[in-house]
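Encoded as structure tokens, the structure appears first; notes follow it.
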Amino acid sequence: MNLEERVAGVVRTAVREAFGVELDGIHVERPGDAQHGDFATNVALANARTFKRNPREVAQKIADAAEDEALVERVEVAGPGFINFWLSPEVAWDELNGLLREGARYGRQEPSGEPVLLEFVSVNPTGPMHVGHGRQAAYGDSLARIMEAAGRRVSREYYFNDGGNQIRLFGESLAVRYAKSHGGDWPVSDPDALYQGDYTEEISRDLSEKYGGRLLEMDPAEALTEISAFATNWCMSDIKKTLARIGVRFDRYFNEKSLYESGKVAEVVRKLRESGHVYEADGAIWLASSGLGDDKDRVLVKGDGSYTYMAPDVAYHRDKWERGYRSAVDVLGADHAGYPPRIRAGLVALGLPSDFLDVEFVRLVKLLREGEQVKVSKRAGNVVTFDELLDEVGEDVARYFYVRSSHNTEMNFDLDLAIKQSDENPVFYVQYAHARISSIFRRAEIDSETMGETPAAPLAPEERALALELLDFPRVVENAAARREAHPIPTYLETLANRFHQFYTVHRVLVDEEETKQRRLALCAATKTVLRSGLDLLGVSAPERM
RNA sequence: GCGCCCGUAGCUCAGGGGACAGAGCAGCGGACUUCUAAUCCGCUGGCCGCAGGUUCGAAUCCUGCCGGGCGCGCCA
């Protein structure tokens, strides 16, 4: 139980004592202004009408009843009827000692409940990751870490679209390049649709290295299959390499191809037809999705007998269900906004509950260069790759920058500014606090992780502010997980680092007086622990020195 | 046109019913003989897009408008 909940408990008891009423949903918050105490509640304001008294009177009665509680040192009625609480140092130290005992486990819950299947990134293997994908990777991975910390069981999955139209096109693009480099020709239906990026040159070279010119002597259809497979594998390994750079791992890479090979796509189409939600028109097979929450009906099987992407995608999500998951969360780019209703429609037609699939959209990253928007297109090949960005600013800066703002807000990414200002990225502010503390423990020749029990003692204002911020960590993690947001973590870490830097400026840690030194070292050790845990939730390093 | 999302300081963004709206960057002025100045302190800077409504109380909730993004393919 976090501190806020404990305070809410005190309030509940006090209300029962004062008015003989059991109140639910008591709101306790940490006031922005230290003068308003460590915790505050608005129950008197919110319930004055029920008690038929004016808010201040109600507040006073509750405050009187709460005064004797060991948790609080002081209670005060203020403003229009707020009740402000000051935490007792005994409880604060009790909590801090608990934090130090738990160490890296502090703020983490034991895993419980049904597992969630979190799918993210899922970039098509037709090119390198670009800066927009970087945001999805950073958000998705941080979200997974945050949810795990909050006690959710999470499986991370990446879906490789290695079948379908785009892949065929991609294979053709490479076949053209490859043929050209061997003095040959490769006929294509639509030359304008070909992929153009520099990386296609690279893949073509590797293709030549492996096969020489002999792909041109093969049956063209077979050669194309070979080339497509080679190219998609090339991209998959390239993408995995990039993900590894920023510490993003998956429990499973799921290939679209496997759905065809195992017959699951055909099976899902058959089951959909049996469900009665399917009809034929204009030579195609349609899903009557408009009756299942979608805007309109969607084609499932095209006139030429091939599937639209819907068939494998519904099959994929049904497969998630069949593997036993009862909750699936997809992290998608905002340009896929139309996707969930139609997939859900397919799943509902198959008898799955409509709330099985949840989607978080990562809004687009608008790339700016010298204030001008850069239009990116993977096929045209003018993308700024995520690797290039990482080369420029480094992994920590990139990851932190991406999750600092809500995934649900469009992001302007000024490349020049990001590169120029990477040395003033707030991530260093947080990391610096960690490095400073490490330095203190080096100087003291003490291991920060083996701090003994520290007896309760009064806290100076800067110490109190730091302690309260530290003890807020579990609530911040739980909140972020519940809302599926990553950005509260950076916000929190910056506040925590600020509290530490303020404390550090005012109070010297390594003083002669033993008890003071012990108390301040304990605060430092606790801060170091929480900073490290928080940074770890973001996949950002916590350096010992800077 | 319809659907989803977003308009908060010069810039990038927090805050999503409560106390005078916050941070970083930018600008101005201070603080190192001491555990790391990648820090700290102060100042300057806001019709919280606009207009109504709900409420004791609205940046926050509701409605309408304005502005921007994305989506509305037998592409994925």
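In my numbering, the protein residues as written are 5 to 550. Beta carbons: idealized from backbone N, C-alpha and C, even for Gly. Computed from a prediction, not measured in an experiment: that's the story for all the values here.
- Counting only runs of at least 4 residues, the segment 106-166 fully encloses the following alpha helix (DSSP H) elements, listed from N- to C-terminal order: 135-153.
- Remark: fewer than three beta-carbon pairs, one from each stretch, lie closer than 8 angstroms, so the segment 88-98 and the segment 513-521 are not flagged as touching.
- Comparing alpha-carbon positions, the option among Glu271, Asp301 and Gly295 lying closest to Ala285 turns out to be Asp301.
- Annotation: the continuous beta strand (DSSP E) that includes Ala82 extends over Val76 to Ala82.
- Taking C-beta atoms as the reference points, Leu75 and Arg156 fail to come closer than 7 angstroms.
- Per DSSP, Asn259 is not a residue of any alpha helix (DSSP H); the beta strand (DSSP E) it occupies stretches across Arg256 to Asn259.
- Taken through DSSP and simplified to helix, strand or coil, Leu368 comes out as coil.
- From the listed residues Val127, Ala50, Val25 and Ala461, the smallest Cα separation to Gly337 is found for Val127.
- Distances from the CA of Val120 to each of Lys184, Tyr329, Asn46 and His31 were compared; the closest alpha carbon is that of Tyr329.
- The criterion of a C-beta distance shorter than 7 angstroms is not satisfied by Leu173 and Ala141.
- Exclusion of the five residues before and after Arg503 leaves Ala469, Leu470 and Glu473 as the residues of its chain whose Cβ lies within less than 6 angstroms of its Cβ.
- Under the DSSP assignment, Val272 falls in the alpha helix (DSSP H) whose first and last residues are Lys268 to Ser279.
- Cβ neighbours of Leu368 within its own chain (closer than 8 angstroms, five residues either side excluded): Gly136, Gly337, Ala338, Asp339, Glu414 and Met415.
- Closest by C-alpha distance to Thr531, out of Arg446, Phe417 and Arg440, is Arg440.
- The straight-line gap separating the alpha-carbon atoms of Asn483 and Leu541 is approximately 14 angstroms.
- Assignment of Ala38 by DSSP, reduced to helix, strand and coil, places it in the helix class.
- The shortest CA-to-CA distance from Ile450 to any of Val388, Leu475, Cys528 and Tyr508 is the one to Cys528.
- In the structure shown, Trp290 falls within a strand segment according to DSSP collapsed to helix, strand and coil.
- For Asn412, the closest C-alpha among the options Arg57, Gly41 and Val366 is that of Val366.
- When secondary structure is reduced to three states using DSSP, Val352 falls in the helix class.
- If you draw a 10 Å sphere on the C-beta of Glu489, you find 16 or more other C-beta atoms in it, and that means buried.
- Each of Gly287, Leu291, Ala270 and Glu271 was checked against the Cα of Gly280, and the nearest Cα belongs to Leu291.
- Just so you know, the alpha carbons of Tyr320 and Phe164 end up roughly 11 angstroms apart.
- In this chain, the beta strand (DSSP E) harbouring Val282 covers Val282 to Ala285.
- Apart from the 5 residues on each side of it in sequence, His491 sits with its Cβ closer than 7 angstroms to the Cβ of Val407, Arg408, Ser409 and Ser410 in its chain, given in chain order.
- Runs of the alpha helix (DSSP H) spanning 4 or more residues and lying entirely within the segment 189-273 occur at 202-215, 224-249 and 260-265, in chain order.
- The C-beta separation of Val434 from Leu497 comes to about 5 angstroms, placing the pair in contact by the 8 angstroms criterion.
- Burial state of Ala486 is exposed, judged by a 10 Å Cβ sphere holding fewer than 16 other Cβ atoms.
- When DSSP states are grouped into helix, strand and coil, Ala70 belongs to the helix group.
- For Arg302, the enclosing beta strand (DSSP E) covers residues Arg302 to Val305.
- Short of 7 angstroms from the beta carbon of Tyr436, and not among the five residues preceding or following it, lie these beta carbons of its own chain, in chain order: Met550.
- Rounded to the nearest whole angstrom, the CA to CA distance from Thr246 to Leu263 is 26 angstroms.
- DSSP, read as helix, strand or coil, puts Phe89 in strand.
- Ranked by Cα distance from Tyr311, the options Ile289, Lys324 and Ile150 are led by Ile289.
- Assignment of Thr312 by DSSP, reduced to helix, strand and coil, places it in the coil class.
- The beta carbon of Asp362 is closer than 6 angstroms to those of Val333 in its chain, skipping five residues each way along the sequence.
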